[in-house]
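Novice: Chains as they are written, first to last, in the numbering used here: chain R, 4 to 323; chain U, 4 to 323. Could you have a look at this structure, given as structure tokens, before my questions?
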């Protein structure tokens with residue numbers, strides 16, 4: 004019997020990664036192309052699909068390709084379209100699934116990056132065997148994929164799971180979405196930088212971070228300073244974890260998950276973000292939920308996580 | 004063919020209502036007994052089930068009883084048990100489904116009151132035909148039943164849907180649950196009374212409500228004053244609607260429902276609560292959700308809503 008394979012494609016603003024993955028998460032192949040080299044999506048897909056077809060020829064029929072899963076910003080599972088993605092060159096509504104299926108003649112599914120991460124954890128990662136869990140992606144922004152009773156929560160329009168845009172303070176920080184006080188303006192890589200910059204302005208204490216030019220400060224700098232015991236950096240993590248923890252408690256009240264998985268760059272700060280997030284989440288949980296919800300790191304290899312997530316959809320929605 | 008009938012039982016702290024209902028919501032029968040007349044649940048169920056059996060005899064086999072649905076405070080759908088309900092006389096964990104099935108030999112399902120309300124709206128009321136919606140019960144507290152993809156959200160332990168205990172202000176009002184700042188301390192019949200009492204203390208304006216003894220002020224008094232154009236009463240509704248609207252926007256970001264249904268005593272204040280709740284919800288929605296979520300009143304006759312909700316479960320979970 005031929006080995007069954009899923010193709011995973013992760014479309015980012017700059018790069019597109021793709022790979023051939025089996026149902027255990029084993030990679031047979033991983034490559035990437037530029038997303039932004041061509042201005043129109045048709046030319047981009049001509050290049051991408053030509054490469055995929057060449058790879059299929061190269062492997063000489065050795066595998067049975069079961070489907071293609073795509074993770075992309077603003078990817079809508081219901082419509083198969085990328086809808087008004089702010090960080091992609093292609094504007095408006097892109098019928099991505101249709102365009103790929105026309106070229107490849109292989110069943111294709113699409114979702115957004117945070118939901119893809121949740122599929123990845125469900126099939127290959129930390130949520131294997133769980134029916135109720137939430138994945139929070141802590142990168143430039145804050146994304147989320149919510150799984151209830153074994154199913155991704157899409158809502159009536161495919162846009163559910165926007166925990167990054169729930170409100171921490173009604174009159175809080177300006178968010179890129181146009182609203183104020185959204186969680187992602189506090190709990191994300193950019194959020195912790197904003198917190199740190201405010202602290203450097205308003206506080207007098209010494210900090211190694213005062214040596215870094217303000218416009219160049221990154222969340223990684225704050226992490227490295229925290230590791231060295233820098234008091235202000237540690238406090239910035241505590242504040243960030245508090246905002247996150249309060250809203251995680253809200254999320255638990257909503258769907259009572261078995262676990263919440265923190266994924267992405269800021270989550271790799273480990274205990275510096277997990278400890279305060281856990282502490283404040285527990286503080287704000289209703290008694291019936293206390294000490295029942297695991298806060299877990301991603302179970303996926305970070306270099307392959309996005310492609311694994313995209314590929315995982317094939318096993319969930321195409322092969323079944 | 005015999006008419007198919009569901010038995011609905013709504014257990015409250017003081018009264019238990021029960022009725023025989025068909026799949027269109029037509030009542031063939033409705034009665035009630037005291038919940039608190041006996042100290043132990045066994046004697047209570049002996050009385051209740053004797054009455055149900057007598058009714059079944061009285062109707063002389065004219066109907067086919069398909070099942071029993073029970074709505075009760077802290078009723079857990081997964082376990083069939085009432086677990087530590089603060090306003091019931093029976094303490095600890097009560098295996099209600101088992102106790103009823105032993106007496107009646109009829110398949111029985113249990114859920115909590117807010118979820119029962121959501122089943123009622125799904126089968127008989129304002130959410131007929133919807134797959135994604137949320138019911139918010141605005142009574143003494145704030146309960147919620149969340150439906151995603153046609154299924155009630157129970158979470159891994161059966162306790163999901165506690166939007167009344169999501170946080171408005173981390174250091175806000177003391178809640179009965181032990182936490183501070185829970186939504187139900189602001190947006191509920193008791194919440195609006197707390198808001199009004201604070202306003203009467205802190206503000207100088209005239210209000211007809213100054214004529215009512217403070218310990219006796221009710222949400223209905225505030226409603227009647229608002230109808231007369233009392234400025235402070237109108238402002239209390241605006242404040243209450245704002246707290247509610249902000250957290251409804253959070254709920255939309257979570258599960259992107261087609262509609263949110265406001266149910267219960269405070270919801271019957273109509274435009275006084277709906278208008279501000281809608282206004283502030285829209286203000287705090289992510290642009291992709293704006294003007295897409297209907298805010299609806301209950302579609303159930305208020306005098307029968309609780310029994311209808313309990314009976315509705317039979318069509319959803321037993322007959323299917």
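Each residue gets a CB set at the ideal place from its N, CA and C atoms; glycine is no exception.
Tell me the DSSP secondary structure of residue 303 of chain U in three-state form.
Specialist: Counting from 1 along the second chain, the entry for residue 303 of chain U is found at position 300. In the structure shown, residue 303 of chain U sits in coil (DSSP, three-state: anything other than H, G, I, E or B).
Novice: State the DSSP-derived secondary structure class of residue 44 of chain R, mapped to helix, strand or coil.
Specialist: The sequence position of residue 44 of chain R within the first chain is 41, counting from 1. In the structure shown, residue 44 of chain R sits in a helix (DSSP, three-state: H, G or I).
Novice: For residue 163 of chain R, which residues of its own chain have a beta-carbon under 8 angstroms away from its beta-carbon, when the five flanking residues on both sides are left out?
Specialist: Stepping through the first chain from its first residue, residue 163 of chain R is reached at position 160. Here the set comprises 149, 156 and 157.
Novice: With a threshold of 16 other CB atoms inside 10 Å of the CB of residue 259 of chain R, please say whether the residue is buried or exposed.
Specialist: Taking the first chain and counting its residues from 1, the one referred to as residue 259 of chain R is at position 256. With 16 or more Cβ atoms within 10 Å of its Cβ, residue 259 of chain R is classed as buried.
Novice: Can you tell me the Cβ-Cβ gap for residue 271 of chain U and residue 235 of chain U, rounded? I've got them flagged as a contact below 8 angstroms.
Specialist: Against the second chain, residue 271 of chain U aligns to sequence position 268. Against the second chain, residue 235 of chain U aligns to sequence position 232. Residue 271 of chain U to residue 235 of chain U, Cβ: 21 angstroms. No contact.
Novice: Determine the chain U residues that contact residue 158 of chain R at a beta-carbon separation under 7 angstroms, and present them in chain order.
Specialist: Counted from its first residue, the first chain places residue 158 of chain R at position 155. Under the 7 angstroms cutoff, chain U gives 135, 258, 259 and 260.
Novice: Do we get a CB-CB distance below 8 angstroms when we pair residue 297 of chain R with the residues of chain U?
Specialist: To locate residue 297 of chain R, count along the first chain from 1; it is residue 294. No, no contact with chain U.
Novice: For a contact defined as C-beta to C-beta under 9 angstroms, what are the partners of residue 151 of chain U on chain R?
Specialist: Looking up residue 151 of chain U in the second chain gives position 148. Chain R residues near residue 151 of chain U: 149, 151, 152, 154, 156, 157, 158, 163 and 258.
Novice: Leaving out five residues before and five after residue 80 of chain U in sequence, what residues of the same chain have Cβ atoms less than 6 angstroms from its Cβ?
Specialist: As a position in the second chain, residue 80 of chain U is number 77, starting the count at 1. Once the five neighbours on either side are set aside, the close Cβ partners of residue 80 of chain U are 114, 157 and 161.
Novice: Any C-beta of chain U sitting closer than 8 angstroms to the C-beta of residue 169 of chain R?
Specialist: Taking the first residue of the first chain as position 1, residue 169 of chain R is located at position 166. Judged by the 8 angstroms Cβ criterion, residue 169 of chain R is in contact with chain U.
Novice: So, at 6 angstroms on beta carbons, what are the nonlocal neighbours of residue 85 of chain R in its own chain, with the 5 sequence-adjacent residues on each side left out?
Specialist: Here residue 85 of chain R corresponds to residue number 82 of the first chain, with the count starting at 1. 75, 77, 78, 97 and 99, listed in sequence order.
Novice: In whole angstroms, give me the CA-to-CA distance for residue 277 of chain U and residue 176 of chain R.
Specialist: Against the second chain, residue 277 of chain U aligns to sequence position 274. Against the first chain, residue 176 of chain R aligns to sequence position 173. Each residue's Cα considered, the two are about 28 angstroms apart.
Novice: If you measure from the beta carbon of residue 291 of chain U to each beta carbon in chain R, is any gap under 8 angstroms?
Specialist: Residue 291 of chain U sits at position 288 when you count from the first residue of the second chain. Yes, its Cβ sits closer than 8 angstroms to a Cβ of chain R.
Novice: Roughly how many angstroms separate the alpha carbons of residue 5 of chain U and residue 49 of chain U, rounded to a whole number?
Specialist: Numbered from its first residue, the second chain carries residue 5 of chain U at position 2. Numbered from its first residue, the second chain carries residue 49 of chain U at position 46. Distance between the alpha carbons of residue 5 of chain U and residue 49 of chain U is about 28 angstroms.
Novice: If the cut-off is 8 angstroms on Cβ atoms, which residues from the segment 168–201 of chain R count as contacting chain U, listed in chain order?
Specialist: 168, 169, 170, 173, 180, 181 and 182
Novice: Return helix, strand or coil for residue 22 of chain R, following the three-state DSSP convention.
Specialist: Position 19 of the first chain holds residue 22 of chain R. Here residue 22 of chain R sits in strand by DSSP.
Novice: Any Cβ of chain R within less than 8 angstroms of the Cβ of residue 287 of chain U?
Specialist: The count along the second chain starts at 1 and reaches residue 287 of chain U at position 284. Closer than 8 angstroms: yes.
Novice: Note down, in chain order, each residue of its chain lying with its Cβ closer than 8 angstroms to the Cβ of residue 18 of chain U, except the 5 sequence neighbours on either side.
Specialist: Translated into the one-based positions of the second chain, residue 18 of chain U becomes position 15. Within the same chain, 35, 36, 37 and 38 come within 8 angstroms of residue 18 of chain U by CB-CB distance, once the 5 residues on both sides are set aside.
Novice: Counting Cβ pairs closer than 8 angstroms, one from the segment 196–212 of chain U and one from the segment 230–246 of chain U, do we hit at least three?
Specialist: yes
Novice: Measure from the alpha carbon of residue 262 of chain R to the alpha carbon of each residue in R:203, R:246, R:294 and R:286, then state which is nearest.
Specialist: Numbered from 1 along the first chain, position 259 holds the residue referred to as residue 262 of chain R. Residue R:294 is the option with its Cα nearest to residue 262 of chain R.
Novice: With residue 195 of chain R as the anchor, note down where its alpha helix (DSSP H) starts and where it stops.
Specialist: The sequence position of residue 195 of chain R within the first chain is 192, counting from 1. Annotation: the continuous alpha helix (DSSP H) that includes residue 195 of chain R extends over 192–205.
Novice: So which of U:171, U:287, U:303 and U:230 has the shortest CA-CA distance to residue 265 of chain U?
Specialist: As a working mapping, residue 265 of chain U is identified with position 262 in the second chain. Comparing Cα positions, the closest option is U:303.
Novice: Under 8 angstroms between C-beta atoms, does residue 252 of chain U make it to chain R?
Specialist: Here residue 252 of chain U is taken as the residue at index 249 of the second chain, counted from 1. Yes - at least one Cβ of chain R is within 8 angstroms of the one on residue 252 of chain U.
Novice: Check the DSSP bridge columns for residue 97 of chain U and list the partner residues they point to.
Specialist: On the second chain, residue 97 of chain U is found 94 positions in, with the first residue counted as 1. The partner list for residue 97 of chain U (beta bridge, DSSP) reads U:85.
Novice: By a C-beta neighbour count over all protein chains shown, 10 Å radius and 16 as the cutoff for buried, is residue 46 of chain R buried or exposed?
Specialist: Translated into positions along the first chain, residue 46 of chain R becomes position 43. Answer is exposed; the Cβ neighbour count stays below 16.
Novice: Are the segment 25–32 of chain U and the segment 296–313 of chain R touching by the rule of at least three beta carbon pairs closer than 8 angstroms?
Specialist: no
Novice: Output the distance between the C-alpha atoms of residue 137 of chain U and residue 121 of chain U, rounded to the nearest integer angstrom.
Specialist: Taking the second chain and counting its residues from 1, one reaches residue 137 of chain U at position 134. Taking the second chain and counting its residues from 1, one reaches residue 121 of chain U at position 118. Answer to the nearest angstrom: the Cα atoms are 7 angstroms apart.
Novice: Is the beta carbon of residue 117 of chain R sitting closer than 8 angstroms to the one on residue 146 of chain R?
Specialist: Taking the first chain and counting its residues from 1, the one referred to as residue 117 of chain R is at position 114. Taking the first chain and counting its residues from 1, the one referred to as residue 146 of chain R is at position 143. Closer than 8 angstroms, so yes.
Novice: Using a threshold of 8 angstroms, state whether the C-beta atoms of residue 288 of chain R and residue 255 of chain R are closer than that.
Specialist: Locating residue 288 of chain R in the first chain gives position 285, where the first residue counts as 1. Locating residue 255 of chain R in the first chain gives position 252, where the first residue counts as 1. Going by C-beta atoms, residue 288 of chain R is nearer than 8 angstroms to residue 255 of chain R.
Novice: Alpha carbon to alpha carbon, how far is residue 16 of chain R from residue 312 of chain R?
Specialist: As a first step, residue 16 of chain R must be located in the first chain, where it is residue number 13. As a first step, residue 312 of chain R must be located in the first chain, where it is residue number 309. Rounded to the nearest angstrom, the two C-alpha atoms are 17 angstroms apart.
Novice: Classify residue 311 of chain R as helix, strand or coil using the three-state DSSP reduction.
Specialist: Position 308 of the first chain, counting from 1, holds the residue named residue 311 of chain R. It is helical.
Novice: Within its chain, find whatever has a CB closer than 8 angstroms to the CB of residue 172 of chain R; leave out the 5 residues flanking it on each side and keep chain order.
Specialist: To locate residue 172 of chain R, count along the first chain from 1; it is residue 169. Excluding positions up to five away in sequence, the list reads 183 and 184.
Novice: Which residue marks the beginning of the beta strand (DSSP E) containing residue 156 of chain R, and which one marks its end?
Specialist: Here residue 156 of chain R refers to the residue found at position 153 when the first chain is read from its first residue. Here residue 156 of chain R belongs to no beta strand (DSSP E), and DSSP marks it neither H nor E.
Novice: For residue 249 of chain U, would you say it is in contact with chain R, using Cβ-to-Cβ distances shorter than 8 angstroms as the test?
Specialist: Within the second chain, the letter at position 246 stands for residue 249 of chain U. It does: the Cβ of residue 249 of chain U has a partner Cβ on chain R nearer than 8 angstroms.
Novice: Within 10 angstroms of its Cβ, does residue 307 of chain R collect 16 or more other Cβ (buried), or is it exposed?
Specialist: Counting from one through the first chain, the residue named residue 307 of chain R turns up at place 304. Buried is the call here.
Novice: Based on the DSSP secondary-structure assignment, which residues constitute the bridge partners of residue 35 of chain R?
Specialist: In the first chain, the residue the question calls residue 35 of chain R occupies position 32. According to DSSP, which records beta bridges pairwise, residue 35 of chain R is partnered with R:20.
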